[in-house]
Amino acid sequence: MDSFDIQILRELSQDGRITVNQLSEKIGLSPTPISRRIKQLEANGVITGYAALIDEASLGYGVSVFVSVQLDRQVDEALANFEAAILEFPEVVDCWLMTGNRDYLMRVATTGLPDFERFLVGELTKVRGVASILSYNPFDGWNGTYKGNVVQNGTYIWKLNYKDTNGKKYQSIGKVNIIK
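According to my numbering, the residues represented by the sequence shown are -1 to 178, in order.
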């Protein structure tokens, strides 16, 4: 793989529908070598497919939040239970098993902050085995952090700090009793 292949991959990752002629103009190679390189990248398994990029905000999902979850134990049964529970939540767009002190990193898309709070308090905190949750939103529009921990008596205490698009700061604090 050389610098031309990397440029092709970069362009295709930004626009999977770009034509060979457009790639040729951007990269500075004629269309025939571009086509040959794309076919070789596909044959080698570097390019595994093409997908549409969805603008979630245009579908009404204006808040996208990264949520990291720590389970009370990291054993096969606990991981399987958590993953099965997460599959039931349409708000969870992506979910990755992680190394380090957090077990999962998820991307959650909701219609707004109240919907995220409903998901967080009404759904995620009730998943069996969740020990702590940390979430944050790095995108424009809503700038916030969330931190919560389950205390020993089964009460989940959470604190949500956020700013609106005008920079006004808000804080929401609450607790939920978890029934296991």
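C-beta: ideal position from N, C-alpha, C; glycine also.
Hey, out of the options, whose CA is closest to residue i's CA?
i	options	result
Gln68	Trp94, Leu51 and Asp0	Trp94
Asp74	Ile52, Ile131, Asp101 and Val91	Asp101
Ser56	Ile32, Thr108 and Asn19	Thr108
Gly196	Arg15, Pro29, Thr30 and Leu7	The shown model of the chain, from -1 to 178, leaves out residue 196, and the question about it has no answer.
Val90	Phe2, Asn99, Val63 and Gly98	Val63
Gln79	Arg126, Arg35 and Leu39	As written in the sequence, residue 79 is Asn, which differs from the Gln given in the question. When only C-alpha atoms are compared, the closest one is Arg126.
Ser66	Lys167, Val128, Phe2 and Glu54	Val128
Arg71	Ile52, Leu10, Asn99 and Ile84	Asn99
Asp92	Pro29, Glu86 and Val106	Val106
Ile36	Leu118, Ile84 and Ile4	Ile4
Gly120	Val18, Phe87, Glu9 and Glu54	Phe87
Using DSSP with H/G/I as helix, E/B as strand and the rest coil, what is residue i?
i	result
Ala107	strand
Val67	strand
Ala76	helix
Lys166	coil
Val119	helix
Asp0	coil
Lys145	Low confidence applies here, because Lys145 scores a pLDDT of 49, under 50, leaving its location unreliable and the question unanswered by this model.
Asp13	coil
For the alpha helix (DSSP H) that residue i lies in, which residues bound it at each end?
i	result
Ile25	Val18 to Ile25
Lys37	Pro29 to Ala41
The beta strand (DSSP E) with residue i in it runs from where to where?
i	result
Ile131	Val128 to Asn135
Asp92	Val90 to Leu95
What does DSSP give as the partner residue(s) for residue i in the beta ladder?
i	result
Tyr48	None; Tyr48 has no bridge partner.
Val61	Thr108
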